[in-house]
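Note that the sequence shown covers residues 41 to 376 in the working numbering.
To start, the structure itself, in structure tokens.
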Amino acid sequence: MTTKDVEKYFALLGCLSTDEGVEAMFKELGVKRRPILAKPPKSPYEAILRISSQGILLSFTEQNYWQKLPPRLHGKSDNLVFANIAITSGIPDVMRRYDGLMPFGLDWSDTREAARAKMEAAGYGGSLHAYKRDSYWLPYFNARLTYMPGDLAKPEIPGLFDISVGILSPPAPILERVSHYPTVDVIRSLFGASANEERFREAFRDFEPDDLVRAVEREAVDRKREYGFELYFDPRRPAPDGTPGFVGIDMVRDRLSDYQCWRGDLPFGLSFDDSPSVLIERVGVQPDHWEENITWGVARWYLPDFLLWINFDILDNRIESVSILATGYRDDLLGS
């Protein structure tokens with residue numbers, strides 16, 4: 041019997057599920073089912089094939105969503121992109137241990153130190169984004185190593201729990217018509233302003249300011265899909281002209297869902313590529329709130345001049361979004 045070798049399947053990432061190579065993979069793994077979206081399909085438009093008897097998980101994403109086509113088309117095609125393959129050391133009563141050849145020369149018994157040494161020896165050390173998982177951002181895919189026991193809230197013990205290798209969604213196209221993003225200092229200076237004020241219109245001049253003015257009554261003006269941000273206006277804190285006053289912005293990374301990227305600066309010199317492990321050092325003080333689960337986390341700092349709110353991903357270890365909010369706007373979250 042041929043020994044399983046999932047590493048050879050990494051080259052198929054990005055292919056459609058109907059591709060000859062992907063079909064050959066299904067046959068080699070003895071998979072008779074084919075990936076299909078749930079009905080009705082919904083975000084993130086994924087189809088999962090769990091091969092429990094072999095400790096392998098295959099993930100596929102609907103092509104229209106993958107390519108950031110208009111939302112009305114999401115989930116409407118039959119084309120699924122092969123996006124991720126994961127192997128596990130075994131989950132009792134759920135999945136058996138993958139017993140084939142291990143990728144990157146790793147072994148299920150490897151400690152974090154041993155796994156890092158092997159990845160370093162293979163030339164991948166400079167691509168490490170470290171946190172509770174180790175995520176290696178390689179040229180063609182990301183490789184994520186989760187250590188035992190798999191529950192990130194528990195103390196680590198020797199050994200690998202799973203290895204997940206996947207590709208990220210294609211980047212959103214750069215908007216040629218947008219050349220100016222307001223700086224963090226300018227955004228903070230606008231707290232309390234009306235969207236009608238000339239200084240506000242100037243700061244957001246490349247983002248259809250007339251359209252923003254018409255939308256302020258909704259309190260949250262969502263332009264993440266178009267421009268990578270959401271603006272907040274509070275009718276309880278009116279501007280001098282009586283319209284809801286500006287109280288903050290949420291800025292998102294490229295292809296969080298199907299969003300455009302905020303390409304302006306972030307507070308404290310942060311980058312969307314930063315790992316959660318550096319956030320406290322960058323901000324310089326401990327957060328007032330820090331919460332995370334197995335895939336994402338949130339941190340909030342109630343600073344003297346504004347509320348800093350960061351959502352982060354702990355699968356690939358990067359920032360998902362950064363909010364700058366006026367002091368007092370979300371005090372309802374204090375202590376939560």
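Backbone N, C-alpha and C define an ideal beta-carbon position, used for all residues, glycine too.
Check                                                                                                                                                                     : Outcome
Would you kindly report the start and end of the unbroken beta strand (DSSP E) that includes Trp-330?                                                                     : 329-332
Where Leu-97 and Phe-122 are concerned, what is the direct C-alpha to C-alpha distance, given to the nearest angstrom?                                                    : 11 angstroms
Would you mind sorting Asn-333 into buried or exposed? The rule is 16 or more other CB atoms within 10 Å of its CB.                                                       : exposed
Does DSSP put Arg-245 in a helix, a strand or coil?                                                                                                                       : coil
With three or more beta-carbon pairs closer than 8 angstroms as the criterion, would you say the region 216-223 touches the region 298-306?                               : yes
Would you call the region 190-201 and the region 236-251 in contact, with 3 or more CB pairs under 8 angstroms?                                                           : no
Could you give the DSSP three-state label for Ala-255: helix, strand or coil?                                                                                             : helix
Less than 9 angstroms separating the beta-carbons of Arg-370 and Leu-347?                                                                                                 : yes
Measuring straight from C-alpha to C-alpha, what distance separates Pro-198 and Trp-148?                                                                                  : 9 angstroms
From Arg-322, Pro-195, Leu-141, pick the residue whose C-alpha is nearest to that of Ile-20; which is it?                                                                 : The question about residue 20 has no answer here: the residues shown for the chain are numbered 41 through 376.
So who's on the other strand from Asp-225, going by DSSP bridges?                                                                                                         : Per DSSP, none; premise fails for Asp-225.
Here's a check: name, in chain order, each residue in its chain whose Cβ is nearer than 7 angstroms to the Cβ of Trp-177, leaving out the five neighbours to either side. : Ser-167, His-169
Do three or more CB pairs link the region 49-65 to the region 151-158 at distances below 8 angstroms?                                                                     : no
Does the region 197-215 come close enough to the region 136-148 that 3 or more CB-CB pairs lie under 8 angstroms?                                                         : yes
On a Cα-Cα basis, can you pick out the residue from Leu-355, Lys-72, Gly-368, Leu-343 that is closest to Asp-313?                                                         : Leu-355
State yes or no: is the C-beta of Glu-259 within less than 9 angstroms of the C-beta of Asp-281?                                                                          : no
Going straight from the alpha carbon of Lys-48 to that of Leu-343, what length do you get?                                                                                : 49 angstroms
Mind listing, in chain order, the continuous beta strand (DSSP E) runs of no fewer than 3 residues lying wholly within the region 153-203?                                : 168-170, 174-177, 182-187
By a C-beta neighbour count over all protein chains shown, 10 Å radius and 16 as the cutoff for buried, is Val-261 buried or exposed?                                     : buried
Tell me which residue opens and which closes the alpha helix (DSSP H) that Ile-127 is part of.                                                                            : No alpha helix (DSSP H) contains Ile-127, which is instead part of the beta strand (DSSP E) from 120-128.
Could you work out which residue in Tyr-299, Thr-101, Pro-75 is closest to Leu-89 when comparing CA atoms only?                                                           : Pro-75
Asn-357 lies in the alpha helix (DSSP H); which residues open and close that run?                                                                                         : No alpha helix (DSSP H) contains Asn-357, which DSSP labels as neither H nor E.
Please state if the CB of Pro-81 and the CB of Lys-116 are separated by a distance shorter than 9 angstroms.                                                              : yes
Exposed or buried, which one is Arg-173 when buried takes at least 16 other CB atoms within 10 Å?                                                                         : buried
Per DSSP, Trp-341 forms a beta bridge with which residues?                                                                                                                : Leu-348
Pair every Cβ in the region 127-136 with every Cβ in the region 106-113, then say whether three or more of these pairs are closer than 8 angstroms.                       : no
Here's the rule: buried if 16 or more other CB atoms are within 10 angstroms of the residue's CB, otherwise exposed. What is Glu-331?                                     : exposed
Am I right that Ser-92 and Arg-136 are in contact with their C-beta atoms under 8 angstroms? What's the rounded C-beta distance?                                          : 7 angstroms
Going by the beta-carbon positions, is the gap between Phe-231 and Phe-247 smaller than 9 angstroms?                                                                      : no
For Gly-61, which of helix, strand or coil comes out of DSSP?                                                                                                             : helix
Identify the continuous alpha helix (DSSP H) that holds Glu-321 and give its terminal residues.                                                                           : 319-323
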